[in-house]
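Trainee: Below is one structure. I have some questions about it.
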Amino acid sequence: MLFQQELINRVTKNCNKDLYIVSAMMYGSFTTGEGDIYSDVEFYIFIKDSFFKEFDSNEWISNLCATDLIYFNEYGTQVAIFGNLIRGEFHFLPQSRMNVIKEFKPTGVFPNAEKMFIYDSTNQLYALLDYLSGEGPDRKTNENVNSSFNGFVNYWIFGVNVLKRGEYARSLEILSHVQKQVLQAIRIKDDSVEHWLNSTKNLESDLKKSSYESYKSITANLEQTNLAKAYYNALVLMEKLYFNVSSSYEIDVSRKLLAKMYTHINE
Numbered sequence: 005m006l007f008q009q010e011l012i013n014r015v016t017k018n019c020n021k022d023l024y025i026v027s028a029m030m031y032g033s034f035t036t037g038e039g040d041i042y043s044d045v046e047f048y049i050f051i052k053d054s055f056f057k058e059f060d061s062n063e064w065i066s067n068l069c070a071t072d073l074i075y076f077n078e079y080g081t082q083v084a085i086f087g088n089l090i091r092g093e094f095h096f097l098p099q100s101r102m103n104v105i106k107e108f109k110p111t112g113v114f115p116n117a118e119k120m121f122i123y124d125s126t127n128q129l130y131a132l133l134d135y136l137s138g139e140g141p142d143r144k145t146n147e148n149v150n151s152s153f154n155g156f157v158n159y160w161i162f163g164v165n166v167l168k169r170g171e172y173a174r175s176l177e178i179l180s181h182v183q184k185q186v187l188q189a190i191r192i193k194d195d196s197v198e199h200w201l202n203s204t205k206n207l208e209s210d211l212k213k214s215s216y217e218s219y220k221s222i223t224a225n226l227e228q229t230n231l232a233k234a235y236y237n238a239l240v241l242m243e244k245l246y247f248n249v250s251s252s253y254e255i256d257v258s259r260k261l262l263a264k265m266y267t268h269i270n271e
């Protein structure tokens with residue numbers, strides 16, 4: 005049995021016997037059948053309101069198994085690094101905030117309630133998890149297409165300008181934002197939008213081979229020539245994608261603007 009599955013079993017057991025905990029659910033790879041030996045484990049655990057302030061989440065996680073680090077990341081998620089370097093993400097919330105589960109609906113496609121269910125003493129959790137089931141949001145929309153193209157123009161110009169200034173490290177950082185916008189446009193073209201928000205997830209298997217090779221051409225290191233080539237290739241690729249999707253969507257970006265961008269990078 006994978007360590008992650010053993011950990012899920014321990015979380016389930018500990019939730020069932022902890023009088024402070026009223027409900028718990030999991031999300032992520034092990035609910036969608038994608039979990040493997042490298043996958044994280046992720047949980048939402050709800051605590052009785054009257055005990056929430058005194059609940060020691062660090063101690064609770066530590067009692068699951070050996071940890072090397074527990075901390076809160078920049079999103080407020082409690083992250084545990086277990087002794088074998090597997091990651092766990094934990095969200096501990098008061099019972100009165102259980103309806104937050106409904107807010108997950110716009111973020112993607114969720115499995116059935118049974119696969120996400122860990123424990124419940126409130127008779128509320130199944131209904132909330134059932135609300136998440138079914139088809140996810142429509143990603144192939146005019147709004148998303150324009151978000152991708154408009155975001156691309158913004159980050160591309162930003163990145164090229166700092167590249168010209170000689171700030172190679174900053175330009176490389178901005179390139180990652182350019183890549184995300186390109187990937188989302190590729191995913192719309194390839195009809196592979198399941199991992200829309202986390203656009204690089206399963207990229208090697210999600211994209212057509214030709215699309216993956218195109219993506220490789222917009223990666224770079226800190227060398228000025230490689231950065232310039234990546235930005236140029238990104239513009240070429242996005243222009244091709246423009247022609248691929250422009251017959252189906254109304255795109256704000258004009259061909260005239262794309263032509264200006266070619267002139268700008270070649271100056």
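Numbering (my numbering), first residue to last: 5 to 271.
No residue lacks a Cβ here, since even glycine has one placed at the ideal position from N, Cα and C.
List, from N- to C-terminal side, the alpha helix (DSSP H) runs of 4 residues or more that fit wholly inside the segment 122-173.
Mentor: Segments of the alpha helix (DSSP H) lying fully in the segment 122-173: 129-136 and 146-169.
Trainee: So what does Ile74 bridge to, in DSSP terms?
Mentor: Translated into positions along the sequence shown, residue 74 becomes position 70. DSSP lists Ala84 as partners of Ile74.
Trainee: Less than 7 Å between C-beta atoms, sequence neighbours within five positions excluded: which residues of the same chain meet that for Val197?
Mentor: Along the sequence shown, read from residue 1 onward, the residue named residue 197 stands at position 193. Closer than 7 Å at Cβ, skipping near neighbours: Arg143, Lys144 and Arg191.
Trainee: When burial is assigned at 16 or more other CB atoms within 10 Å of the CB, is Ile12 buried or exposed?
Mentor: Numbered from 1 along the sequence shown, position 8 holds the residue referred to as residue 12. The residue is buried, with at least 16 neighbouring Cβ atoms inside 10 Å.
Trainee: Pairs of beta-carbons, one from the segment 126-136 and one from the segment 68-82, closer than 8 Å: are there three or more?
Mentor: As far as the Cβ criterion goes, the segment 126-136 does not touch the segment 68-82, which means the pair count is below three.
Trainee: Strictly by DSSP, which residues pair up with Ala28?
Mentor: Taking the sequence shown and counting its residues from 1, one reaches residue 28 at position 24. BP columns for Ala28 point to Ile49 and Tyr123.
Trainee: Can you give me the Cβ contacts of Asn248 inside the same chain, cut-off strictly under 6 Å, excluding the 5 residues immediately before and after it?
Mentor: If you number the sequence shown from 1, residue 248 lands on position 244. Answer for Asn248: Lys193, listed in chain order.
Trainee: With a CB to CB cut of under 8 Å and the five nearest residues on each side skipped, what residues in its chain are close to Ser66?
Mentor: As a working note, residue 66 is residue 62 in the sequence shown. Cβ within range, chain order: Ile74.
Trainee: Give the DSSP-derived three-state secondary structure of Phe59 in the structure shown.
Mentor: Against the sequence shown, residue 59 aligns to sequence position 55. Coil.
Trainee: Rounded to whole angstroms, what's the CA-CA distance from Asn270 to Trp160? Just pull it up for me.
Mentor: On the sequence shown, residue 270 is found 266 positions in, with the first residue counted as 1. On the sequence shown, residue 160 is found 156 positions in, with the first residue counted as 1. Approximately 14 Å, taken between the alpha carbons.
Trainee: Three-state secondary structure (DSSP) at Glu93?
Mentor: As a position in the sequence shown, residue 93 is number 89, starting the count at 1. Residue state, collapsed to three classes: strand.
Trainee: Quick one, are the C-beta atoms of Val186 and Leu241 less than 8 Å apart?
Mentor: The count along the sequence shown starts at 1 and reaches residue 186 at position 182. The count along the sequence shown starts at 1 and reaches residue 241 at position 237. For Val186 and Leu241, yes; Cβs fall inside 8 Å.
Trainee: Could you check how far apart the C-beta atoms of Gln8 and Ile90 are, in whole angstroms? I think they sit under 8 Å.
Mentor: Here residue 8 is taken as the residue at index 4 of the sequence shown, counted from 1. Here residue 90 is taken as the residue at index 86 of the sequence shown, counted from 1. Yes, Gln8 and Ile90 are in contact; Cβ-Cβ is about 6 Å, under 8 Å.
Trainee: Restricting to Cα atoms, I'd like to know which of Asn103, Cys19, Lys109 and Glu147 is closest to Glu139.
Mentor: Translated into positions along the sequence shown, residue 139 becomes position 135. Among Asn103, Cys19, Lys109 and Glu147, the Cα nearest to that of Glu139 is on Lys109.
Trainee: Please name the residue in Glu107, Ala232, Lys260 and Ser152 whose C-alpha comes closest to that of Val166.
Mentor: Position 162 of the sequence shown, counting from 1, holds the residue named residue 166. The residue with the shortest Cα to Cα distance from Val166 is Ala232.
Trainee: Specify, as a first and last residue, the run of the alpha helix (DSSP H) that Ser203 falls within.
Mentor: Locating residue 203 in the sequence shown gives position 199, where the first residue counts as 1. No alpha helix (DSSP H) holds Ser203; DSSP gives it neither H nor E.
Trainee: Classify Thr204 as buried or exposed, calling it buried when 16 or more other Cβ atoms lie within 10 Å of its own Cβ.
Mentor: Reading the sequence shown from its first residue, position 200 is the one you call residue 204. Thr204 is exposed by the Cβ-count criterion.
Trainee: Measure from the alpha carbon of Thr111 to the alpha carbon of each residue in Ala263, Ser100, His95 and Leu136, then state which is nearest.
Mentor: By 1-based counting over the sequence shown, the position of residue 111 is 107. When only C-alpha atoms are compared, the closest one is Leu136.
Trainee: Where does Pro98 sit, in a helix, a strand or coil, going by DSSP?
Mentor: Numbered from 1 along the sequence shown, position 94 holds the residue referred to as residue 98. In the structure shown, Pro98 sits in a strand (DSSP, three-state: E or B).
Trainee: What whole-angstrom Cβ distance do Ser33 and Ser43 have, given they're in contact under 8 Å?
Mentor: To locate residue 33, count along the sequence shown from 1; it is residue 29. To locate residue 43, count along the sequence shown from 1; it is residue 39. That pair is a contact at about 4 Å.
Trainee: Could you give the DSSP three-state label for Met242: helix, strand or coil?
Mentor: Position 238 of the sequence shown, counting from 1, holds the residue named residue 242. Reduced to three states, the DSSP call for Met242 is helix.
Trainee: Could you tell me the alpha carbon to alpha carbon distance between Val113 and Asn206, rounded to whole angstroms?
Mentor: Here residue 113 refers to the residue found at position 109 when the sequence shown is read from its first residue. Here residue 206 refers to the residue found at position 202 when the sequence shown is read from its first residue. Going from the Cα of Val113 to the Cα of Asn206 covers about 15 Å.
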